[in-house]
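Protein chains in written order, with the working numbering: chain A, 175 to 434; chain B, 175 to 434. Below you'll find the structure, written out as structure tokens, and then a few comments.
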């Protein structure tokens, strides 16, 4: 295991750049998994990281030590650094000091939209995106397509909220949703309060595409027009709408219920 | 309409304290509603505020002007202040400058737990709490009981996430959940991954109590033991659990579905 002890170390500078710049993460196709849970989930589903980083005070931690040992056994580059240097990379305040650097998965873009999918138009909030990814993975949905303008799925906040869901999904970003929806061979459903058909009345025991949009403005009109079905979640009229991640969870699990 | 133009004005100092200290809000039993949407929702459901505050540049805004006019017509104390002073009170970055100061509602604590309710044990995240309140109100659930340690429901973040749901609910805070659950005359349901009965198999066409807990640790063991039913949301085993606000939405709307 190597040790980095200076902020001027070139690798440290590179890591700092990766940790603090979402542009650097996008450009390099790499991201940072912060904390034992995310690192364990990554290894379980996708294998070894490119690089393992551990803070001095966490190296002997009962959950960290076996993770590090396995990295060393696998020949993965593993670096120990003083806590002060580590915490300048980490966004987790009271977390255990273990981090993986991994390649952002780049799944093959499908020629047709023919499997259960979630399509997100301009979704803003990292917490909402993470929650939607987590619900989708839990419901057995495999593909998530994000428009330009949707929050960056591989940001630390979204990954924390996703709790490892990222590693079970095919996530496509900066997608032209028009072309994508035009390629759909299965029903495309969007929720709307201006319709009478409820999610409980529509046949969800089949692959469908779920379309969700911006927290305030919803799905853009031109994309909404490409939905084959608009459905409503019946609710008290005094409430304008549900939180988008709550809506998505209700829709995905109504599909689970109907498929049982 | 009065104008405040100095940071040394005693009322301004009081407002600043209210805006920046959650303890001040708890102690005074008052809170701050920031933005047109929350103010409109409050007025619609609960009436006039104690005080209306408008920023100079927003006084003529097409949504704000009629709100202010109605406050003046109702004899509500209404104050205009320069944008710089207003923005020192507001947590909304690009919002329209309208704020209500209102008394935090203090509903009567029920002698028995006999109506549809949500019980929250040590829920931490303001966004999750706001989303749960919004889903509960949308599903027609009236009562929400929060333990000591649960996020403060009347904080600006929770109110923004709640989108006005607060004004449709009876929210009880700092509740002793043991005594409360001991008074239940209806089923108390908690979600768990260690049970085989699904939410789709249990009879929800009746009033029930939903018990949810801390984002990481779930419901405390001693409270969990007071649940009359533990139910599971069927999901892929690779995912540890759903986000608590997503779980709550799925449960509340399974109840809506069964009640239709």
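Idealized CB from N, CA, C, for every residue including glycine. From a predicted model like this one, the values you see are computed outputs, not experimental measurements.
For a contact defined as C-beta to C-beta under 7 Å, what are the partners of residue 337 of chain A on chain B? Along the first chain, one-based indexing puts residue 337 of chain A at 163. The answer, in chain order, is 414.
Tell me, please, whether the CB atom of residue 427 of chain A is closer than 9 Å to any CB atom in chain B? For this step, residue 427 of chain A is matched to residue 253 along the first chain. Output row for residue 427 of chain A: interface = yes.
In three-state DSSP terms, what is residue 210 of chain B? Here the question's residue 210 of chain B lines up with position 36 in the second chain. Looking at residue 210 of chain B - three-state DSSP - the assignment turns out to be helix.
Of the residues B:257, B:382, B:354 and B:214, which one's Cα is nearest the Cα of residue 233 of chain B? As a first step, residue 233 of chain B must be located in the second chain, where it is residue number 59. Considering only alpha carbons, the answer is B:257.
What does residue 430 of chain B touch in chain A if you count any residue whose Cβ is under 7 Å from its own? Counted from its first residue, the second chain places residue 430 of chain B at position 256. Residues of chain A passing the Cβ test: 408.
Give me the Cβ distance between residue 295 of chain B and residue 394 of chain B, rounded to the nearest whole Å; I'm assuming they're in contact under 8 Å. To locate residue 295 of chain B, count along the second chain from 1; it is residue 121. To locate residue 394 of chain B, count along the second chain from 1; it is residue 220. Right, the Cβ-Cβ distance comes to about 6 Å (below 8 Å), so this counts as a contact.
For the pair the region 202-216 of chain A and the region 266-276 of chain A, tell me if three or more CB-CB distances fall below 8 Å. yes
Quick one: is residue 219 of chain A near chain B, going by C-beta distance under 9 Å? The residue you call residue 219 of chain A lines up with position 45 of the first chain. Taking Cβ atoms only, chain B reaches closer than 9 Å to residue 219 of chain A, which makes this a yes.
Closer than 8 Å is the cut-off here; do at least three beta carbon pairs connect the region 247-263 of chain B with the region 367-380 of chain B? no
For residue 275 of chain B, name the three-state secondary structure that DSSP assigns. Within the second chain, the letter at position 101 stands for residue 275 of chain B. If DSSP states are grouped into helix, strand and coil, residue 275 of chain B belongs with the strands.
When you compare each of A:197, A:400, A:319 and A:420 to residue 311 of chain B by their alpha carbons, which one comes out closest? As a first step, residue 311 of chain B must be located in the second chain, where it is residue number 137. Minimum Cα distance to residue 311 of chain B is reached at A:420.
Please classify residue 267 of chain A: is it buried, with 16 or more other beta-carbons within 10 angstroms of its beta-carbon, or exposed? Position 93 of the first chain, counted from the first residue, corresponds to residue 267 of chain A. Exposed: under 16 other Cβ atoms inside 10 Å.
Whole beta strand (DSSP E) elements within the region 281-317 of chain B, 3-residue minimum: 291-295
Three-state secondary structure assigned by DSSP to residue 204 of chain A: Against the first chain, residue 204 of chain A aligns to sequence position 30. Strand.
Assigned secondary structure, residue 237 of chain A (DSSP; H/G/I helix, E/B strand, else coil): As a working note, residue 237 of chain A is residue 63 in the first chain. Coil at residue 237 of chain A, not helix or strand.
Residue 342 of chain A at chain B interface by Cβ criterion, 9 Å: Looking up residue 342 of chain A in the first chain gives position 168. For residue 342 of chain A, the answer is yes, since a Cβ of chain B falls inside 9 Å of its Cβ.
Kindly provide the ranges of any beta strand (DSSP E) runs that are 3 or more residues long and lie completely inside the region 336-421 of chain B, ordered along the chain. 344-349, 362-365, 383-387 and 403-405
Let's see if you can read the secondary structure: which residues bound the beta strand (DSSP E) around residue 252 of chain B? Residue mapping note: residue 252 of chain B aligns to position 78 of the second chain, counting from 1. First-last of the beta strand (DSSP E) with residue 252 of chain B: 251-255.
Which residues, in chain order, does the region 288-312 of chain A contribute to contact with chain B at a C-beta distance below 9 Å? 299, 301, 302, 304, 305, 306, 308, 309, 311 and 312
Roughly how far, in whole angstroms, is the beta-carbon of residue 199 of chain B from the beta-carbon of residue 328 of chain B, given that I think they are within contact range, below 8 Å? Sequence index remark: in the second chain, residue 199 of chain B carries index 25 (1-based). Sequence index remark: in the second chain, residue 328 of chain B carries index 154 (1-based). The pair is a contact, with the Cβ atoms about 6 Å apart (cut-off 8 Å).
On the premise that residue 366 of chain A lies in contact with residue 406 of chain A, defined as a C-beta separation below 8 Å, what is that separation, rounded to the nearest angstrom? Numbered from its first residue, the first chain carries residue 406 of chain A at position 232. Numbered from its first residue, the first chain carries residue 366 of chain A at position 192. Going by Cβ atoms, the distance from residue 406 of chain A to residue 366 of chain A rounds to 6 Å, so yes, they are a contact pair.
If residue 301 of chain B and residue 301 of chain A are in contact, beta carbons under 8 Å, what's the gap, nearest whole angstrom? Stepping through the second chain from its first residue, residue 301 of chain B is reached at position 127. Stepping through the first chain from its first residue, residue 301 of chain A is reached at position 127. So it is a contact: roughly 5 Å between Cβ atoms.
Assign residue 396 of chain B to buried or exposed, taking buried as 16 or more other Cβ atoms, counted over all protein chains shown, within 10 Å of its Cβ. Along the second chain, read from residue 1 onward, the residue named residue 396 of chain B stands at position 222. It is exposed - the Cβ of residue 396 of chain B has fewer than 16 other Cβ atoms within 10 Å.
Validate contact between the region 304-322 of chain B and the region 407-427 of chain B using beta carbons, cut 8 Å, 3 pairs: yes
Using the beta-carbon of each residue, which ones in chain B are nearer than 9 Å to residue 317 of chain A? Counted from its first residue, the first chain places residue 317 of chain A at position 143. Chain B residues near residue 317 of chain A: none, gap ~15 Å exceeds 9 Å.
Using a Cβ-Cβ cut-off of less than 7 Å, give me the residues of the region 347-377 of chain B that come near chain A, in sequence order. 374
Any Cβ of chain A within less than 9 Å of the Cβ of residue 422 of chain B? Along the second chain, read from residue 1 onward, the residue named residue 422 of chain B stands at position 248. Yes, because at least one Cβ of chain A sits closer than 9 Å to the Cβ of residue 422 of chain B.
Is there a Cβ of chain A sitting closer than 9 Å to that of residue 314 of chain B, yes or no? On the second chain, position 140 is the one that residue 314 of chain B refers to. Closer than 9 Å: yes.
What did DSSP end up calling residue 424 of chain A once you bin it into helix, strand or coil? Counted from its first residue, the first chain places residue 424 of chain A at position 250. Note: residue 424 of chain A maps to helix in three-state DSSP.
Smallest Cα separation from residue 211 of chain A: which of B:413, B:431 and B:247? Residue 211 of chain A sits at position 37 when you count from the first residue of the first chain. Nearest option by C-alpha distance: B:413.
Kindly indicate which residue of B:220, B:246, B:225 and B:261 has the alpha-carbon position closest to the one of residue 231 of chain B. The count along the second chain starts at 1 and reaches residue 231 of chain B at position 57. For the residues B:220, B:246, B:225 and B:261, the minimum Cα distance to residue 231 of chain B belongs to B:261.
Who are the Cβ neighbours of residue 178 of chain A in its own chain at under 7 Å, not counting the five residues just before and after it? On the first chain, residue 178 of chain A is found 4 positions in, with the first residue counted as 1. Hits under 7 Å: 185, 186, 253, 255 and 259.
Rank A:247, A:209, A:433 and A:336 by C-alpha distance to the C-alpha of residue 227 of chain A and give the top, closest one. The count along the first chain starts at 1 and reaches residue 227 of chain A at position 53. Of the candidates A:247, A:209, A:433 and A:336, the one whose C-alpha sits nearest the C-alpha of residue 227 of chain A is A:209.
Is residue 332 of chain A helix, strand or coil when you go by DSSP? If you number the first chain from 1, residue 332 of chain A lands on position 158. Residue 332 of chain A: helix per DSSP, three-state reduction.
Should residue 379 of chain A be flagged as near chain B, meaning a C-beta pair shorter than 9 Å? The residue labelled residue 379 of chain A in the question sits at position 205 within the first chain. Cβ-Cβ to chain B under 9 Å: no for residue 379 of chain A.
Sequence-distant residues of its chain with Cβ nearer than 6 Å to residue 303 of chain B (five each side left out): Taking the second chain and counting its residues from 1, the one referred to as residue 303 of chain B is at position 129. Excluding residues within five positions, the ones whose Cβ falls inside 6 Å are 297, 325 and 332.
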